[in-house]
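Novice: Per mature numbering (1 follows the signal peptide of the UniProt record, and there is no 0), the sequence shown runs over residues -21 to -1, 1 to 156.
Using N, Cα and C, we set each Cβ at its ideal position, and we do this for glycine too.
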Amino acid sequence: MTPSTYLSLLLTISMIFISHAISPTSSPNLYKSVCKETNKQDPHYEQPCLKLLEPYPQITSAKDYLTFSRLFLRIVAIENATKAQHQVKEMKKKYPSSQTIKGCALNYDKVVDELQIALDEYSETISLDVAYASDALEECEHSLVNEKIVNTSSLSTLNSEMRFIIAIISFASDHLQ
């Protein structure tokens, strides 16, 4: 082989290694890493997280945190938040005199709004929008303590389910900054 052939071969191999080194791909199992991180918030979150995500091949095959975050927001988080919002609005109709339920309905409006905003935001601000959604959810949860008339156990369960979903997107979006 001529020296120029060796040089071309060396250059080609170098480019392959460099492209893999700077590639935004984290791993084919990025979702497993995200689920493992949710243990920081609750030691029981990892297995339910895996169970939640595995039916969605487009999420489980995401190779970077931005793609994962956007897919999770679009496919799972916003859909679940919208369903929860609807349930809280139904509770508000059933108990129109409950200020706590009214407040939680407003909080869930904010949760849905913030998650939708996060979907359309730049990668650097997704985690901020997710934090606002989490704050709205916590505000609802804290207000339940004051409710004396209505049994709020179903709302508390709903809050727990949404807290789990927000934890997943929160840990994923933290890697975007």
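Suppose contacts are defined by Cβ-Cβ distances below 8 angstroms. Is Leu155 in contact with Ser102 by that definition?
Specialist: Sequence index remark: in the sequence shown, residue 155 carries index 176 (1-based). Sequence index remark: in the sequence shown, residue 102 carries index 123 (1-based). Result yes, Cβ atoms of Leu155 and Ser102 sit closer than 8 angstroms.
Novice: Specify whether the region 46 to 62 and the region 135 to 144 touch according to this definition: at least 3 beta carbon pairs, one from each stretch, less than 8 angstroms apart.
Specialist: yes
Novice: Taking only three categories from DSSP, how would you classify His121?
Specialist: Locating residue 121 in the sequence shown gives position 142, counting from the first residue. In the structure shown, His121 sits in a helix (DSSP, three-state: H, G or I).
Novice: The alpha helix (DSSP H) spanning Ala60 covers which residue range?
Specialist: For this step, residue 60 is matched to residue 81 along the sequence shown. Counting along the chain, the alpha helix (DSSP H) containing Ala60 begins and ends at Ile57 to Lys73.
Novice: Does the region 118 to 134 come within contact of the region 41 to 49, defined as at least 3 CB pairs closer than 8 angstroms?
Specialist: no
Novice: State the Cα-Cα distance for the pair Asn138 and Pro36, rounded to the nearest angstrom.
Specialist: Within the sequence shown, residue 138 is the residue found at index 159, counting from 1. Within the sequence shown, residue 36 is the residue found at index 57, counting from 1. Rounded to the nearest angstrom, the two C-alpha atoms are 27 angstroms apart.
Novice: Assuming Lys15 is part of the alpha helix (DSSP H), what are its boundary residues?
Specialist: Within the sequence shown, residue 15 is the residue found at index 36, counting from 1. Per DSSP, Lys15 belongs to the alpha helix (DSSP H) from Leu9 to Glu16.
Novice: Along the chain, where does the alpha helix (DSSP H) that runs through Pro36 open and close?
Specialist: If you number the sequence shown from 1, residue 36 lands on position 57. For Pro36, the enclosing alpha helix (DSSP H) covers residues Pro36 to Thr39.
Novice: Considering just the uninterrupted stretch of the alpha helix (DSSP H) at Lys89, what are its terminal residues?
Specialist: Counting from one through the sequence shown, the residue named residue 89 turns up at place 110. Boundaries of the alpha helix (DSSP H) around Lys89: Gln78 to Asp99.
Novice: Between Lys89, Pro22, Tyr10 and Val124, which lies nearest to Ala110 when the distance is taken from Cα to Cα?
Specialist: As a position in the sequence shown, residue 110 is number 131, starting the count at 1. The shortest Cα separation from Ala110 among Lys89, Pro22, Tyr10 and Val124 belongs to Lys89.
Novice: So which of Asp153, Lys81 and Phe150 has the shortest CA-CA distance to Asn125?
Specialist: Looking up residue 125 in the sequence shown gives position 146. Residue Lys81 is the option with its Cα nearest to Asn125.
Novice: Would you please state the rounded distance, in angstroms, between the beta carbons of Leu32 and Leu98? I believe it to be under 8 angstroms.
Specialist: The sequence position of residue 32 within the sequence shown is 53, counting from 1. The sequence position of residue 98 within the sequence shown is 119, counting from 1. Contact doesn't hold; Cβ gap of about 17 angstroms is too wide.
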